[in-house]
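In the numbering used here, the protein residues as written are 1 to 799.
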C-alpha cells in the first residue's frame, strides 16, 4: 500500500552552546530566594561574573574543560549530588542536539559512543523521531517568545536497549528540557501570526505543520539542553503486552505467544524463566480442552485424560476460590508435591521453581498464568510485584479467547449440522429480508417457503459393511470375557468364604456364559449387564475387602472395566474406534472434494454420518440463478461422484493397518435422470422432495442399501465394488460411458456386471451396474477430480 504521508527531511538548527541562560535563571532565583540559597550559590555566581568569557556563546567545549570544576558546580543546580550517587542517567548537550558536553557516569557508559561525545541511538527510526521532536520543540520556543503561545516544554521519546548483562530488552524514556535555551531571529521575523493559524478554525496549526512553515534556519538558539533518561521497562512492557493481547482472539497464535514470553522475561528481568497459559473454559457447563490452548500449558501439555484434567481444574478452583493471590513455590520439594497434588506434575516436568497466578473475572477463575524455572530458588515473592500489573491483561485476553472459542464452536455447528449450505445461503438471506420487510409494515408476517424447482438429484452412500454384526459380536465377546473373569475370582473365593450365595452367582454366570455362545437378543444383553453390575460387582468388592490375598487379582479386574459404565468394553471400543476413524477420514475427504467441485458449478450438498456416510446433492438453475446451467455440469458432477466413491474405497483400504478391527466399505449410487422439486422443512432443518410423483425417489434411497440381486441371496453392495442403481436404459448408457473412461484411467477394473434387482415393496423394474474398484492405485485424492472438471463432455464419456 502506498504511504501518502510526506517524507520528513531534517532541518538545519543554528545551535550555540552557552551557559548564560542557566546563569540568568539562577540569578533570578537567588534574587527572590532564601538566604541559604544565596549563601550556597552566590560565591559560584561571582566566579562566573569574574570570567565573562564563560557567559558568551561557544563553538566548542574547550573553555568549559579549562573551567571544569566551576562548570560541575553549576551543574549541581540542575542535577543534585544525591542523583549522582544513585547512578542517575542525565546529560547536558548543545541546544536541540545530541552533542554531549556533560553527563553522569551511567549515562556515559550506556549511551555515548566510546571516544566521542555523541549519543548512540539504537535505530534510524528513533533518530528520525528525535529529529522531528527537535524541530517541533525549536518551534515551541519561537512560539513562546515571539507569539505568546504556551505549549509543552519537555520533549520525550521511548527507545529499547539491550541490557548487556542479561541480553533482555529494557526501555528508556528520553526527556529533553529546553528551558535553558534562548532564541533570536536573524533580521526581520520571517513568518506572521496569521500564517500560523488554520483559516477554518482560527486555531494554531498542528505542530508538524508549523515545523514545516517556520524557517528554523533564520533563528539562532543559544544555551543548553538538559537530557534526563528514565528506566520505564515495567511501564513499557505492560503497555506492549496490552497491545499484543488486544489483537488476538486466542493464545494459540504462536507468534503472539513468543512475544508475550519474551515480554514476561523482560518484566521479571530473567532470561531463564518460561511462561505457560492454562485456560479453564466451559461450554454447556462442561470443561473443554482446546488443543492449541493446551499446547501453551505446562500442566496440560502432555495429553492427560479428560478426567485427570477435570481433577486438576477442580483443584485449582478450590485453591484460588478464596483468594486471588498468586501461589509462589521458590523451591519445589517432595513435601510440596504431597501437600498440593498438582505440584507433582510440574516436578515431573523438571520444574523446580514456579509462580502460579490466577486469572479471574467477575464470574470466577478463567485459567492460570504459569511462570516456571528449572533452577531451584529462582522465583520468589519479590517477583509478584513485577508481574501483578500484567495479570488483568492476561485475564481479559483469556476472557476474549473463551468468547472466541464459543463463537467458533457455534460456527462449526452451523456449518456442519444445518442446511444453510453456501450454494443456497443467498436464498435464506433473501427470505429473511422479505420477512423483516413485512414485519416493518406491520403485516401478519410469516416466513416465506424456501423451495427450488427443476433440480437434478444425486444420491451416494458409503456403508461400513456388517458394522451392526461386528458391534453385536464385540458386545458378546466383552460380556463373555467379563463373565469368565468374574467367575474365576468367585471360584477362588468360594472355598474360603463358603457362602451359598456365591454358588448361586456362579451358577448364573455359567448360564449367561452359555447364552453368549450365540447372538444375543437386546433384552438378553441388558439382563447380563444388570446382573454383572448389580449382583457380581458388589460381591467382588466385598471379596476384595475381605480376602487380602485376592486384592491384587481383583484390582486388575476392576482396572479392566470402563469407569463410566463399569463394564469391559475393549472389543466394542475397537469396533467404535475403527468406525470413527473411517468416518472421520471419509468426511474430511468428501468435504474437501465437494468444496473443490463447487467451483465448477455450485450445487446443494448435505451429508449424514452413521456407520458410513450418505450424501444428497441437488444441482440446477434455480439453485444458482446468476450462472447459466448446462447439462454439462450435471454430467460432470455424476462423473465426479463416481470418482469420489471409488477414491473413498481406496482410502479405507489404505487405513487397514491403522484400524483396531479391519472393516470394509461398500459404495452405492442411485441414478435419477428426471428433475424434481425440493423444499426446506423447518422442523427437520433439511431439504426434502416435493410432490407425490417425487416420493418414489425418497423411497428408493431408503430401501436400496440392502437390495439383493434378483433370484439370489447375494447383496448388490459388496466391498471393493461400486454399484449404480437405475431404472431407465438411458441412465445405464450414460454410466457405462463413465465407467469405461475410468477403467481406461485405471481407477476401475475391467468388466461391468449388468444386474436385475429383486422387487422392493411398491417398486419393481430396478436394475444395477456393478464394477470392481482398482484398490492398488494408491490414495491420491486430488488427481481425478481436478482433471475431470476441466474435460469436455465428449471426453468424459470417452467418445
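Glycine included, each C-beta is placed from N, C-alpha and C at the ideal position.
All of these numbers come straight from a predicted model, not from anything done at the bench.
- Within its own chain, the residues whose Cβ lies closer than 6 Å to the Cβ of residue 376, once the five positions on either side in sequence are excluded, are 331, 352 and 353, listed in chain order.
- Taking 3 residues as the shortest admissible run, the region 670 to 698 contains the following complete beta strand (DSSP E) segments, listed from N- to C-terminal end: 676 to 681 and 686 to 689.
- About 6 Å separates the beta carbon of residue 296 from that of residue 257, a gap short enough to meet the 8 Å contact definition.
- The beta carbon of residue 79 is closer than 8 Å to those of 88, 90 and 104 in its chain, skipping five residues each way along the sequence.
- Note that the C-beta distance between residue 589 and residue 605 is not below 9 Å.
- Counting C-beta pairs closer than 8 Å gives three or more between the region 460 to 480 and the region 667 to 681, which meets the contact rule.
- Taken in chain order, the complete alpha helix (DSSP H) segments of 4 or more residues contained in the region 454 to 505 are 467 to 497.
- Rounded to whole angstroms, the gap between the alpha carbons of residue 244 and residue 260 is 7 Å.
- Per DSSP, reduced to three states, the secondary structure at residue 605 is strand.
- Contact between residue 543 and residue 493 is confirmed by a C-beta separation of about 5 Å, below the 8 Å threshold.
- Residue 269 holds the alpha-carbon nearest to the alpha-carbon of residue 168 among 628, 758 and 269.
- For residue 474 against residue 516, the beta-carbon gap comes to about 12 Å, at or over 8 Å, which does not count as contact.
- If you look at residue 617, you'll find it in the beta strand (DSSP E) that goes 612 to 619.
- Separation of the CB atoms of residue 13 and residue 96 is rounded to 5 Å, and the pair is thereby assigned contact status at 8 Å.
- In the three-state DSSP reduction, residue 281 falls in the strand class (E or B).
- The DSSP-derived three-state label of residue 732 is helix.
- Under a 10 Å Cβ-count criterion, residue 647 is classified as buried, with 16 or more other Cβ atoms of the shown protein chains found around its own Cβ.
- Residue 709 and residue 716 have their C-alpha atoms spaced approximately 6 Å apart.
- Of the residues 68, 136, 17 and 73, the one whose Cα lies closest to the Cα of residue 43 is 73.
- Note on geometry: alpha-carbon atoms of residue 747 and residue 654 lie some 15 Å from one another.
- Taking 3 residues as the minimum length, the beta strand (DSSP E) runs contained wholly in the region 200 to 244 are 219 to 223 and 225 to 231, in order along the chain.
- Contact between the region 211 to 230 and the region 183 to 196 is present: 3 or more CB-CB pairs across the two stretches fall below 8 Å.
- Residue pairing for residue 427: DSSP places it in no beta bridge.
- A distance of 9 Å or more separates the beta carbons of residue 404 and residue 365.
- Under DSSP, the beta-bridge partners assigned to residue 708 are 715.
- With fewer than 16 other Cβ atoms inside 10 Å of its own Cβ, residue 341 counts as exposed.
- Of all alpha-carbon atoms in 281, 698, 101 and 656, the one lying nearest the alpha-carbon of residue 368 is that of 281.
- When the five nearest sequence neighbours on each side are left out, the beta carbons in the same chain lying within less than 7 Å of the beta carbon of residue 675 are those of 454, 455, 456 and 620, in order along the chain.
- Setting aside the 5 residues that flank it on each side, residue 622 is surrounded in the same chain by 452, 453, 454 and 455, each with a C-beta closer than 7 Å to its C-beta; the list follows chain order.
- The distance from the Cβ of residue 725 to that of residue 752 is about 14 Å, inconsistent with a contact at the 8 Å cut-off.
- Residue 740 and residue 760 have their C-alpha atoms spaced approximately 29 Å apart.
- In the DSSP annotation of this structure, the continuous segment of the alpha helix (DSSP H) that includes residue 636 starts and ends at 631 to 654.
- In the structure shown, the three-state DSSP call for residue 747 is coil.
- Taking all protein chains in view, the Cβ of residue 265 is crowded by 16 or more other Cβ atoms within 10 Å, so the residue is classified as buried.
- Pairing residue 757 with residue 579, the inter-Cα distance amounts to about 29 Å.
- Secondary structure note for residue 100: its beta strand (DSSP E) is the uninterrupted segment 100 to 103.
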